[in-house]
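Colleague: First residue of the sequence shown: 7, per this note's numbering; consecutive thereafter.
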Amino acid sequence: MHGASGAACVLYLHGPEGTGKSMLLRRFALEARAAGRTVVRVDGRTTPATADAFTRAVRPVTREPGAVLLVDSFEHCRSLEDWLREECLPRLPWGTVAVVASRHEPDPHWPADPGWTGLLRVLPLGGLSKPDAAAFLRQRGVLPHLHDALLEFTGGHPLALALAAEAAVRTETDGGADHADPPLGQDAVATLLRRLVGTPPDEAHQAALDVCAQARVTSVALLRAVLGDQGEDLFLWLRDQPFVQTTRLGVAPHAVVREALRADLRWRDPAGFAELHRRIRGHLLERTRLGPASRVLETVGDLRFLHRSGRFLADAHGRASGGRAEELPRAVGHEATLIRRIRRQEGPESARMAAHWLREQPESFLLQRLGPGEDDVGCSAWLRLMPFEGEAEDPVVAAAWAHTRKHGPVRAGEHIALARFHVGEYGDHRPSPVMDASLGRMVGEIIRDDRLAWAFAVLRDDGFWDSHLRHHAMEPTAGTVTVNGHRHRLFACDRRALPAVFGGAANAPLLTGAAPGPARSGKDPCTAAEILVLGEEEFAVAVKAALRVLRRPRELALNPLQRSRLVLAHGMGLKDVVTSAIGSLPLERGGDKGYRAATAAYVEGASTQAAAARRLGLPLSTYRRHLAWATHRITRIMWEHELSGTPLLSPADRPRR
7 MHGASGAACV LYLHGPEGTG KSMLLRRFAL EARAAGRTVV RVDGRTTPAT
57 ADAFTRAVRP VTREPGAVLL VDSFEHCRSL EDWLREECLP RLPWGTVAVV
107 ASRHEPDPHW PADPGWTGLL RVLPLGGLSK PDAAAFLRQR GVLPHLHDAL
157 LEFTGGHPLA LALAAEAAVR TETDGGADHA DPPLGQDAVA TLLRRLVGTP
207 PDEAHQAALD VCAQARVTSV ALLRAVLGDQ GEDLFLWLRD QPFVQTTRLG
257 VAPHAVVREA LRADLRWRDP AGFAELHRRI RGHLLERTRL GPASRVLETV
307 GDLRFLHRSG RFLADAHGRA SGGRAEELPR AVGHEATLIR RIRRQEGPES
357 ARMAAHWLRE QPESFLLQRL GPGEDDVGCS AWLRLMPFEG EAEDPVVAAA
407 WAHTRKHGPV RAGEHIALAR FHVGEYGDHR PSPVMDASLG RMVGEIIRDD
457 RLAWAFAVLR DDGFWDSHLR HHAMEPTAGT VTVNGHRHRL FACDRRALPA
507 VFGGAANAPL LTGAAPGPAR SGKDPCTAAE ILVLGEEEFA VAVKAALRVL
557 RRPRELALNP LQRSRLVLAH GMGLKDVVTS AIGSLPLERG GDKGYRAATA
607 AYVEGASTQA AAARRLGLPL STYRRHLAWA THRITRIMWE HELSGTPLLS
657 PADRPRR
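1) Quick one: complete beta strand (DSSP E) runs, 3+ long, within the region 422-469?
2) If you draw a straight line from the alpha carbon of F545 to that of E395, how long is it in whole angstroms?
3) Report the residue ranges of all alpha helix (DSSP H) runs contained in full by the region 183-261; include only those spanning at least 4 residues, in chain order.
4) In terms of alpha-carbon separation, which member of S590, V45 and T652 lies closest to I640?
5) For a quick check, are the C-beta atoms of T160 and A168 less than 7 Å apart?
6) So which of V74, W388, R201 and F241 has the shortest CA-CA distance to L17?
7) Taking three-plus beta-carbon pairs below 8 Å as touching, is the region 267-275 in contact with the region 238-255?
8) Given that a residue counts as buried once 16 or more other Cβ atoms are within 10 Å of its Cβ, and exposed if not, what is H151?
9) In the DSSP output, what is W388 paired with across the bridge?
10) Mind reading off the beta-carbon distance from G256 to T224? Whole number of angstroms is fine, and I expect it under 8 Å.
11) Is A266 closer than 7 Å to V195 when the C-beta atoms are compared?
12) Over what stretch of residues does the beta strand (DSSP E) that includes V306 continue unbroken?
13) Less than 7 Å between CB atoms is the rule here; does E395 satisfy it with respect to chain B?
14) Going by C-alpha to C-alpha distance, which of Q251, L504, R200 and H477 sits closest to G24?
15) E646 to L655, Cα distance in whole Å?
16) Quick one: give me the first and last residue of the alpha helix (DSSP H) that G600 is part of.
17) Below 8 Å, can you find three or more Cβ-Cβ pairs linking the region 64-74 to the region 37-49?
18) If you draw a straight line from the alpha carbon of G162 to that of H153, how long is it in whole angstroms?
19) Is it true that the CB of A219 sits closer than 7 Å to the CB of H289?
20) Just grab the DSSP bridge partners of L664 for me.
21) Just the Cα atoms here: how many angstroms apart are R349 and E355?
22) Take T102 as the anchor and find which of E111, G42 and H260 has the nearest alpha-carbon.
23) With distances taken from CA atoms, which of L312, V539, E332 and H340 is nearest P439?
24) Using the DSSP secondary-structure output, state which residues sit across from H474 in a beta bridge.
25) With distance defined between alpha-carbon atoms, name the residue in L291, E292 and L334 nearest to S667.
26) Tell me the DSSP bridge mates of R268?
27) For R426, which option in A408, R447, R411 and H409 has the closest C-alpha, if you only look at C-alpha atoms?
28) Report the rounded CA-to-CA distance for R65 versus A38, giving the unit in angstroms.
29) Please report the distance separating the alpha-carbon of P99 from that of P114.
30) Buried or exposed: which applies to Q374, given that a residue is buried once 16 or more other Cβ atoms fall within 10 Å of its Cβ?
31) Name the two residues that bound the continuous beta strand (DSSP E) containing L496.
32) Does the separation of the CB atoms of V549 and M644 fall below 7 Å?
33) On the CB-based measure, 16 or more other CB atoms within 10 Å of its CB, does M29 come out buried or exposed?
34) I'd like the list of long-range same chain contacts for S650, defined as Cβ closer than 8 Å, with 5 residues on each side in sequence excluded.
35) Identify every residue that forms a DSSP beta bridge with E481.
36) By the 10 Å Cβ neighbour count, where 16 or more other Cβ atoms means buried, how is M441 classified, buried or exposed?
Put into structure tokens, the structure is as follows:
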């Protein structure tokens, strides 16, 4: 502006609506006139997006050496960007200064063109820093106790801050509540959306915006899962919006746009907000369950973000400085470093136990680091134990096995797991990148591991984590274990009693941190306390009893399988489950004979075995052999589904092998 040697002659400002671009142009105009320069302003909102119209608008610049050209709202003339770069600006007189303001960042051809080296400066505009934003609120007279909520909602966005400050002062002046949801009021939200987002082309594009606002990162796969086949086109549209950022994994809106869209949907369509939340959550649960193990922290982080308004998640995650940790398998040669770190933070006895498990299960230990190429910042272990592994060598493991014996024995084919040895540079068992990664891994494994009976988190017994873990289905066990003079508490979760993990229910305490809701209807997912975990022999006895009374509803209602995970986790009645198991027999090799025998005996209810044999035209001994085989297979099929937590599909839905 002042003709300094080496200064750029073109300044390109870009940022979302409401970040002060027009205000800066007005300031440039004042300073240019004060320096004796001619100022020519071109407004992209009113200038037709043609080369001829733009040429006429900038013509006064060509007649005034040293003039200043200010182009506002250039996003309305984006089709002219190549022409502006290649023809318009290079033809302006030497000494002309041009400032271009747009919602969109400049085309990559600008910095890539050697001819613009040293002549172009790009300046992105965003939100105010937290101290500056807080100072702004103080100057506007906003009470200090409202600052945190307003700063979180606005993300420091200048326009949003101004609207929020106005709403907060007006509410206080009117004697209203000192907290609103959303914090700046619905009228201000509508103003923000009108200014920052505008009107989407149609309902599908509005739905894409709503998905983008709820999810941490939006991908084509997420949009397809939630909105159907339009997913790819909607993704491309989202990516092109000036209020949306591109990340390594997809796109995400600016913070203030996200919060405004969420608040608007929650206000205008609460049921739609809940349904969208449910569908996104179902997609993320499926990715966590079926995706690669290396992506578990990422997908659990997405689930946590979706439930971030839960009070206990907000309290325990994201408070630590230092960023988000990523995991990498324990590398050969790190054993001594791990043991040294555990000894320093947890003491020699804990280090001795860690050394034992490093020998037995080296793959269970994970290092955490803050990013590729960074040094590791901590470690943790996720120990998988078969009955009754480690009970004699490790008192903490012994306490876990003792708890399972008393509260739900581990059945054949099942195992337990312990999240343990959480050590890092950010303190002992406190919110940190290491704890986030350790607990995130635990949640991911609970979701993924079909044969996991019990999961335990081992933490210092100082009460810090009690509320957080209890509200995530991790109950503190009755006793403590002392290691190196420090009392440790085990927090236990019987995975078999968590149907919401498998069925994708809307209120999953494992993730939401929500307090228990109102009483449920008979079709709603059950609570952990209602599920009965049966041993294999007890289960087999109950199956045979259910088969005998399959046609007698009152007696069937008393069967203990009514409280099994197999029945409660998927909203199926016990009769439907048993019938599905019978219907699956023909899918097995030679199963048609057993299917006919079981159908005659249990579904059609023949009065005697002899009568059933006559109906099928079989000798009684042959019929009994077929029925015994069928009963055994029905029991095994139901037991396998009880262990895995997967629904027993009806015959029409089961693929033929």
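Glycine included, C-beta positions come from ideal geometry on N, C-alpha and C.
Modeller: This is what the structure gives:
1) 458-466
2) 25 Å
3) 192-202, 209-220, 226-233 and 237-245
4) S590
5) no
6) V74
7) no
8) exposed
9) A425
10) 5 Å
11) yes
12) Premise fails: V306 lies in the alpha helix (DSSP H), V302 to L312, not in any beta strand (DSSP E).
13) You won't find chain B in this structure, because it holds only one protein chain.
14) R200
15) 13 Å
16) G597 to A604
17) yes
18) 11 Å
19) no
20) Residue 664 falls outside the range modelled here, since the chain spans only 7 to 663, and no answer is possible.
21) 8 Å
22) G42
23) E332
24) Answer is none; H474 lacks a bridge partner.
25) With the chain covering only 7 through 663, there is no way to say anything about residue 667.
26) DSSP lists no partner for R268.
27) R447
28) 18 Å
29) 25 Å
30) buried
31) H492 to D500
32) yes
33) exposed
34) D456 and R457
35) A498
36) buried
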